């Protein structure tokens, strides 16, 4: 019997036909993981015979290439659903009596089946082979043929041939799938694990002061608006947003201009925006709120100069629709006394002039740094902090002076915990983190810091006690100094050495699952079919 694929390197091999080559690139295409729960199920739920889950009807939930993903009695799909439901049952949940959980379980079983078919397809296209010797050994381990821990020839002979054929096929497919996964998800070698462990070993803590952009003074905002009044002029308009063709939009405009259709009726029947039900009424808006709806913002100037009662020409919007306006009253200049004036100026600055606020915050941070340098030059050396640091005494003293000077400037310095270099939290997998995490609950201004290259580069290159240049981190400009340099405790590094290979495999499995489910060769018909199965 020439069956395909084996689970050991000496039993699994590519075809040796002289005219064909084994192409491994398609395997690499997929990447790597299912959620931990699903991965566990995938390994544990070796198809078992005799399941009654499937019922008597056939339901096709989609296709992997031309392979139908069908839910029938004793199908792989049904067996996976049994496994998922048993998992939930062991957690204290009965998926069969909870509609939302039942759908979730069904979806997980579907995705496991898709993965199974995709891996079999990859193995077939890469011509992996399995030996009969391997299959015979694995068959002897199956619980159907084991009695008191030993292979039972009696049980084997008593099992109908069709059942033995199904089990043998299941063993072959499992070997195939596991071989493909092992190619896609290689375990790290010792050097890689050692490198990752060393990354986690080096930890630093900082203390910093933050200059938030939203502290930009109101006086500066009002001065900007006074010097740049145009964005804050107000217009009272009605609008039609038309999503048809330009020709159809011009026909609509012609009807309004001829008087055969009022603007208000045209808006109610043709406009596709929030103002349609009001006959197009927008009421008062600031210029800057409207200008960027235009595909060509300069065309807005044609609207801004129209007098009350005027009908505008057609304008193309940024989304490709067509805009038609009716001017209700003449435009009004900016009114600094309006209740919404400061708010709209702030919103405008946040959206279009954030660099102005960044420059202001950077200037504040530089002034702090310069003042601190002068302060440390004349201040007495203070006692080092209470916790141990691998730094010189001068650096320890500088650390305490940083806190003291910040307090004198009525600023609130924040001290972080020790943390390693972990850019983009790459070693965080779900709720599990191999590395010590920066505690952003205590340092909220650093909530985006793990994704900030400049910040991390500065933290892990500056010597202890040296003040950083001002750095933009999220909505704040930060000035910090390294407070402590230390090594992670042995428990942390030991955990990495032990669990990194496992968590890497988990991450790989999630990526593999996502790649397969997003593949164009999958026709996903799960939700309409599931609804039909329930009789909806």
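Numbering (our numbering), first residue to last: 4 to 539.
Just so it is clear, CB atoms sit at the ideal spot from N, CA and C, and this is done for glycine as well.
The structure displayed is predicted, hence computed values, not measured ones.
Coarse secondary structure for residue i, derived from DSSP in three states
i, result
"residue 520", "helix"
"residue 82", "helix"
"residue 349", "helix"
"residue 227", "helix"
"residue 97", "coil"
"residue 92", "helix"
"residue 215", "strand"
"residue 286", "strand"
"residue 423", "strand"
"residue 463", "coil"
"residue 458", "helix"
"residue 499", "helix"
"residue 471", "coil"
"residue 438", "coil"
"residue 272", "helix"
"residue 302", "helix"
"residue 512", "helix"
"residue 535", "helix"
"residue 277", "coil"
"residue 296", "coil"
"residue 506", "helix"
"residue 314", "strand"
"residue 185", "helix"
Residue i - containing beta strand (DSSP E), residue span
i, result
"residue 204", "Here residue 204 belongs to no beta strand (DSSP E); instead the alpha helix (DSSP H) covers 193-204."
"residue 484", "479-490"
"residue 65", "62-67"
"residue 72", "70-74"
"residue 526", "525-527"
Backbone CA spacing between residue i and residue j [nearest angstrom]
i, j, result
"residue 291", "residue 82", "60 Å"
"residue 29", "residue 179", "The pLDDT assigned to residue 29 is 33, lower than 50, so where the model puts this residue is not dependable; a value taken from the coordinates is nonetheless given after this. Taking the straight line from one Cα to the other gives about 15 Å."
"residue 110", "residue 529", "7 Å"
"residue 202", "residue 425", "8 Å"
"residue 206", "residue 494", "14 Å"
"residue 406", "residue 225", "34 Å"
"residue 504", "residue 375", "46 Å"
"residue 367", "residue 214", "7 Å"
"residue 170", "residue 184", "21 Å"
"residue 259", "residue 274", "13 Å"
"residue 524", "residue 354", "42 Å"
"residue 470", "residue 437", "29 Å"
"residue 527", "residue 116", "12 Å"
"residue 227", "residue 341", "16 Å"
"residue 254", "residue 264", "11 Å"
"residue 442", "residue 200", "20 Å"
"residue 455", "residue 418", "18 Å"
"residue 373", "residue 236", "41 Å"
"residue 338", "residue 289", "11 Å"
"residue 403", "residue 212", "14 Å"
"residue 141", "residue 175", "9 Å"
"residue 162", "residue 139", "15 Å"
"residue 193", "residue 497", "14 Å"
Contacting residues, own chain, Cβ-Cβ under 7 Å from residue i (five flanking each side not counted)
i, result
"residue 121", "67, 519"
"residue 50", "Note that residue 50 scores 40 on pLDDT, short of 50, meaning its location in the model is unreliable; the coordinates nonetheless yield the value given after this. Counting only Cβ-Cβ distances below 7 Å, and skipping sequence neighbours, we find 79, 82, 173."
"residue 5", "Reliability of the predicted coordinates at residue 5 is poor, the pLDDT of 40 falling under 50, and no value is obtained from them."
"residue 279", "270, 271"
"residue 421", "206, 207, 208, 439, 487, 489"
Cutoff 6 Å; reference residue i; Cβ partners in own chain excluding five residues on either side
i, result
"residue 63", "71, 73"
"residue 363", "219"
"residue 113", "64, 529"
"residue 314", "329"
"residue 485", "207, 209, 465, 467"
"residue 300", "294"
"residue 491", "203, 204, 206"
"residue 252", "245, 317, 325"
Nonlocal neighbours in the same chain, by C-beta distance under 8 Å from residue i, ignoring five residues either side
i, result
"residue 531", "none"
"residue 158", "147, 148, 149, 150"
"residue 459", "424, 426, 452, 453"
"residue 410", "416"
"residue 108", "84, 87, 88, 91, 98"
"residue 320", "244, 296, 297, 298, 326"
Residue-chain proximity (residue i, chain E), Cβ-Cβ < 8 Å
i, result
"residue 450", "Absence of chain E from the displayed structure is noted, only one protein chain being present."
Alpha helix (DSSP H) segment containing residue i, residue limits
i, result
"residue 365", "357-381"
"residue 405", "396-411"
Practice task
Starting from the N-terminal side, write out each stretch of the beta strand (DSSP E) that is 3 residues or longer and does not extend beyond the stretch 230-267.
Solution key: 237-245
Problem - Ordered list of beta strand (DSSP E) runs contained in the stretch 103-181, each at least 3 residues - result: 131-133
Exercise for the section: Quick one: which unbroken beta strand (DSSP E) runs of 3-plus residues sit fully inside the stretch 320-346? Chain order, please. Expected result: 325-335
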